[in-house]
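Asker: Before I ask anything, here is the structure I am working with.
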Amino acid sequence: MEEMITSFVRLPVYTRNGIYVGNVKNVILDVEKKRVASLLLTKTNPTMVEGAMDVAVPYRWVNAVGDIVILSYFPEKVLLEKKEEATTEVEEGAEIETIDEPIA
19 MEEMITSFVR
29 LPVYTRNGIY
39 VGNVKNVILD
49 VEKKRVASLL
59 LTKTNPTMVE
69 GAMDVAVPYR
79 WVNAVGDIVI
89 LSYFPEKVLL
99 EKKEEATTEV
109 EEGAEIETID
119 EPIA
């Protein structure tokens with residue numbers, strides 16, 4: 019299992035339309051359910067992610083994994099929330115934006 023999880027690291031991630039999103043930086047596990055919860059992406063495409071910030075993508079959005087990861091869904095643009103509008107607690111200095119929108 020460890021070998022399978024680490025094989026995700028550094029894989030390029032693309033939308034189903036072939037647009038580069040970023041590279042897998044880490045795999046986030048749901049220990050209670052014993053499954054992959056999300057993929058943390060780094061070196062994100064600045065045209066898709068404001069400020070090219072790291073983002074966590076729910077694993078349910080992953081369509082295929084091989085030499086690359088193909089997502090079945092990704093928003094057209096991920097915008098950063100203003101601090102006063104943020105609805106989640108974030109540690110000071112954290113640079114991870116989590117995306118969790120329903121699939122239409």
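Per this note's numbering, the very first residue in the sequence shown carries number 19; after that it's consecutive.
Ideal Cβ positions, reconstructed from N, Cα and C, are used throughout, including at glycine.
#1: Label Asn41 either buried or exposed according to how many other C-beta atoms from any shown protein chain fall within 10 Å of its C-beta, with 16 as the threshold for buried.
#2: I need the straight-line Cα distance from Gly36 to Val80, nearest angstrom please.
#3: Counting along the chain, where does the beta strand (DSSP E) carrying Leu193 start and finish?
#4: Please report the distance separating the alpha-carbon of Met22 from that of Pro64.
#5: Based on the DSSP output, what are the partners of Ala82 in its beta bridges?
Answerer: Taking the geometry as given:
#1: buried
#2: 14 Å
#3: Because the chain spans 19 through 122 in this model, residue 193 falls outside it and cannot be assessed.
#4: 29 Å
#5: Ile88
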